[in-house]
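J.: Before I ask anything, here is the structure I am working with.
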Amino acid sequence: MIRHLRSINDLSLDQIYFLLESAQNFSQKSTLSPPKNQFVAQLFFENSTRTHCSFEIAAKKCGYQVLNFPTKTSSLHKGESLKDTLLMLKMMGVQAAVIRHSDDLLFENLSESPLSLINAGSGKRHHPSQALLDLFTIKKCFKNLDQFRLGICGDILNSRVAHSHFDLWEKIGGKILISAPSALLPSKKKLPGHVEVCSFEELIQQSDAVMMLRVQKERHQEIDYDFSNYHQDFGLSIERIKKMKESAIILHPGPYNLGVEITQEVVDHPKSQILNQVQNGVWMRSAILNWILEKV
Ligand code: CP
Numbered sequence: 002m003i004r005h006l007r008s009i010n011d012l013s014l015d016q017i018y019f020l021l022e023s024a025q026n027f028s029q030k031s032t033l034s035p036p037k038n039q040f041v042a043q044l045f046f047e048n049s050t051r052t053h054c055s056f057e058i059a060a061k062k063c064g065y066q067v068l069n070f071p072t073k074t075s076s077l078h079k080g081e082s083l084k085d086t087l088l089m090l091k092m093m094g095v096q097a098a099v100i101r102h103s104d105d106l107l108f109e110n111l112s113e114s115p116l117s118l119i120n121a122g123s124g125k126r127h128h129p130s131q132a133l134l135d136l137f138t139i140k141k142c143f144k145n146l147d148q149f150r151l152g153i154c155g156d157i158l159n160s161r162v163a164h165s166h167f168d169l170w171e172k173i174g175g176k177i178l179i180s181a182p183s184a185l186l187p188s189k190k191k192l193p194g195h196v197e198v199c200s201f202e203e204l205i206q207q208s209d210a211v212m213m214l215r216v217q218k219e220r221h222q223e224i225d226y227d228f229s230n231y232h233q234d235f236g237l238s239i240e241r242i243k244k245m246k247e248s249a250i251i252l253h254p255g256p257y258n259l260g261v262e263i264t265q266e267v268v269d270h271p272k273s274q275i276l277n278q279v280q281n282g283v284w285m286r287s288a289i290l291n292w293i294l295e296k297v
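Below, the structure written as structure tokens:
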């Protein structure tokens, strides 16, 4: 049976812990793996820096061959479906496809895929590799996650990162605090039991990790909120960092908008793990590719 990582729900708890251990092993490996006769295709229909480049670097470190599929000039523009495109890639010898797309339901609609699928971000709903690399970053800072509280502040409604964390922490056990202007929050009725809405000040004081999110204006239709005071109301500042727990860390999946949800001083602060998250992305994506491709 071929493996997929379409969402966190493709993973058992044991598999999540296996990926964390495997990412740790990759982070300690100083040599490249010898080239393998296995191909990974990258199909990015939305912009990306971290996810696209780190999957490619991870694949090459592991010895896999990488095909950057030409999404702008392919025969998809002549009416070929994505499902058939994946079949064509399979016939050419590709084993796994890393896909980023704006459609929340893309992976549900590709349920019969002939290739292993890795979700590199779909719509507003799933970004499993980001949630896993964030967990890897948290585990490097906290040996014990009992009673752990992850605080997420920002555009929760439009955030696939936040939603993948909701899925992930439901599996591993842990509480998530969220805070945002009400226009950027999902309906309380749609929130799972381990996710609680609170004020930004409460989130700052009670969280073990404070994750700031970008306001995704490109996904907003009409929104009843004046963003002129956003940084003052929901931005992380040095003054607010002083109210965080002594052991707490700062996360941001990126890209960040300086002067909106975060400032350069916050990115550079000793509590910040933001650049480590980018580095850890290579190790977690190496673990994911290896886990997927060892089954092909
Ligand atoms: N965090 C994240 O997905 O970043 P990119 O959009 O740059 O890949």
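Numbering (my numbering), first residue to last: 2 to 297.
Cβ coordinates follow ideal geometry from the N, Cα and C atoms, glycine included.
Suppose only complete runs of 3+ residues qualify. What are the beta strand (DSSP E) ranges in the segment 201-263, listed by chain order?
T.: 210-213, 250-252
J.: Tell me, please, which residues DSSP counts as bridged to Q66.
T.: Here residue 66 refers to the residue found at position 65 when the sequence shown is read from its first residue. When DSSP reads this structure, Q66 sits in a beta bridge with F40.
J.: Quick check: what's the CA-CA separation for S130 versus H5?
T.: Reading the sequence shown from its first residue, position 129 is the one you call residue 130. Reading the sequence shown from its first residue, position 4 is the one you call residue 5. Going from the Cα of S130 to the Cα of H5 covers about 12 Å.
J.: How is the beta strand (DSSP E) around A266 delimited, first residue to last?
T.: Position 265 of the sequence shown, counted from the start, is the residue given in the question as residue 266. According to the sequence as given, residue 266 is Glu; it is not Ala. Looking at the DSSP string, E266 is not in any beta strand (DSSP E); the run it does join, the alpha helix (DSSP H), is 265-268.
J.: What does the alpha-carbon distance come out to for the pair L20 and S112?
T.: Along the sequence shown, one-based indexing puts residue 20 at 19. Along the sequence shown, one-based indexing puts residue 112 at 111. Their Cα atoms are separated by approximately 23 Å.
J.: Check whether the Cβ of S49 sits closer than 7 Å to any heavy atom of ligand 1, and report yes or no.
T.: Here residue 49 corresponds to residue number 48 of the sequence shown, with the count starting at 1. Yes, ligand 1 has a heavy atom inside 7 Å of this Cβ.
J.: Comparing alpha-carbon positions, which option in H127, Q66, F235, L77 lies nearest R215?
T.: As a working mapping, residue 215 is identified with position 214 in the sequence shown. Nearest option by C-alpha distance: F235.
J.: Quick check: does the Cβ of T138 come within less than 7 Å of any heavy atom belonging to ligand 1?
T.: Position 137 of the sequence shown, counted from the first residue, corresponds to residue 138. No, since every heavy atom of ligand 1 falls outside the 7 Å radius drawn around the Cβ of T138.
J.: Taking the DSSP output, what are the residues bridged to N120?
T.: Stepping through the sequence shown from its first residue, residue 120 is reached at position 119. In the DSSP output, where bridge partners are listed per residue, N120 has I100.
J.: Examine ligand 1 and report whether any of its heavy atoms sits within less than 7 Å of the Cβ of Q300.
T.: Because the chain is modelled from 2 through 297, residue 300 falls outside the range shown and cannot be assessed.
J.: With a threshold of 7 Å, establish whether the CB of P256 neighbours any heavy atom of ligand 1.
T.: Counting from one through the sequence shown, the residue named residue 256 turns up at place 255. At least one heavy atom of ligand 1 is nearer than 7 Å to the Cβ of P256, so yes.
J.: Using 7 Å as the cut-off, classify the Cβ of H164 as near or not near the heavy atoms of ligand 1, replying yes or no.
T.: Start at 1 with the first residue of the sequence shown, and residue 164 comes out as number 163. Every heavy atom of ligand 1 is 7 Å or more from the Cβ of H164, so no.
J.: Using 10 angstroms around the beta-carbon of Q280, count the other beta-carbons present and answer buried if the total reaches 16, otherwise exposed.
T.: As a working note, residue 280 is residue 279 in the sequence shown. Under this definition Q280 is an exposed residue.
J.: Would you decide whether T50 is buried or exposed? Buried here means 16 or more other CB atoms lie within 10 Å of its CB.
T.: Translated into the one-based positions of the sequence shown, residue 50 becomes position 49. Result: exposed.
J.: Judging by CA-CA distance, which residue of A210, A163, F45, I173 is the nearest neighbour of L186?
T.: As a first step, residue 186 is located in the sequence shown; it is residue number 185 there, counting from the start. Closest by alpha carbon: A163.
J.: Confirm the yes/no value for this check: CB of G122, any heavy atom of ligand 1, distance under 7 Å.
T.: By 1-based counting over the sequence shown, the position of residue 122 is 121. Checking the Cβ of G122 against ligand 1 gives yes.
J.: Using a 10 Å radius around the Cβ and a threshold of 16 neighbouring Cβ atoms, would you call T32 buried or exposed?
T.: Reading the sequence shown from its first residue, position 31 is the one you call residue 32. By the 10 Å Cβ count, T32 comes out exposed.
J.: My output table needs one value for K125: the three-state DSSP class, helix, strand or coil.
T.: Taking the first residue of the sequence shown as position 1, residue 125 is located at position 124. Here K125 sits in coil by DSSP.
J.: To the nearest angstrom, how far is the alpha carbon of N291 from that of E57?
T.: As a first step, residue 291 must be located in the sequence shown, where it is residue number 290. As a first step, residue 57 must be located in the sequence shown, where it is residue number 56. Rounded to whole angstroms, N291 and E57 show a C-alpha spacing of 13 Å.
J.: Looking at C-alpha atoms only, which residue of F137, N48, G122 is the closest neighbour of S165?
T.: In the sequence shown, the residue the question calls residue 165 occupies position 164. Answer by Cα proximity: G122.
J.: Please list the terminal residues of the continuous alpha helix (DSSP H) segment that includes R286.
T.: Here the question's residue 286 lines up with position 285 in the sequence shown. Taken as a continuous stretch (DSSP letters only), the alpha helix (DSSP H) holding R286 covers 275-294.
J.: Mind listing, in chain order, the continuous alpha helix (DSSP H) runs of no fewer than 4 residues lying wholly within the segment 159-183?
T.: 161-173
J.: From Q217 to L204, what distance separates their C-alpha atoms?
T.: Counting from 1 along the sequence shown, the entry for residue 217 is found at position 216. Counting from 1 along the sequence shown, the entry for residue 204 is found at position 203. Distance between the alpha carbons of Q217 and L204 is about 21 Å.
J.: Using only the alpha-carbon positions, how far apart do I157 and A181 sit?
T.: Taking the first residue of the sequence shown as 1, we reach residue 157 at position 156. Taking the first residue of the sequence shown as 1, we reach residue 181 at position 180. Approximately 7 Å, taken between the alpha carbons.
J.: According to DSSP, is C54 helix, strand or coil?
T.: On the sequence shown, position 53 is the one that residue 54 refers to. Correct three-state label for C54: helix.
J.: Here's the rule: buried if 16 or more other CB atoms are within 10 angstroms of the residue's CB, otherwise exposed. What is Y18?
T.: Counted from its first residue, the sequence shown places residue 18 at position 17. That one is exposed.
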